[in-house]
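First comes the structure, then the notes that go with it.
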Amino acid sequence: MHSRRTARSAERPAGRTLVELRRRLGRMLVQQTPDWRTLDQAGLDAAWAAADGSGAFGGSELTGR
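Using the working numbering, the first residue of the sequence shown is number 47, and each one after it goes up by one.
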């Protein structure tokens, strides 16, 4: 565990955002994993939105060039 590094990162706003994002994603993907087989698009969108409440994950839409 990198608690010292996490503690230092949490001192800065961007670091705090990333630490919280890591925790939410870990909770969703490891501790409270959705049943991927039964999710429709709306369910998947809701799961990602719940995991990334801050909007820190993602960014611009990928487009083919």
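A virtual CB, placed ideally from N, CA and C, is assigned to each residue, including glycine.
Rounded to the nearest angstrom, what separates residue i and residue j at their Cα positions?
i          : j           : result
residue 59 : residue 72  : 20 angstroms
residue 77 : residue 69  : 10 angstroms
residue 63 : residue 95  : 15 angstroms
residue 86 : residue 92  : 10 angstroms
residue 90 : residue 61  : 27 angstroms
residue 84 : residue 109 : 28 angstroms
Assuming the contact rule is C-beta atoms closer than 8 angstroms, residue i and residue j should be a hit. Round their C-beta distance to whole Å, please.
i          : j          : result
residue 97 : residue 74 : 4 angstroms
Please report the residue range of the alpha helix (DSSP H) in which residue i lies.
i          : result
residue 94 : 87–97
residue 59 : 59–72
Return the chain-ordered list of same chain residues with a C-beta closer than 6 angstroms to the C-beta of residue i, the five sequence neighbours on each side being excluded.
i          : result
residue 82 : none
residue 80 : 93
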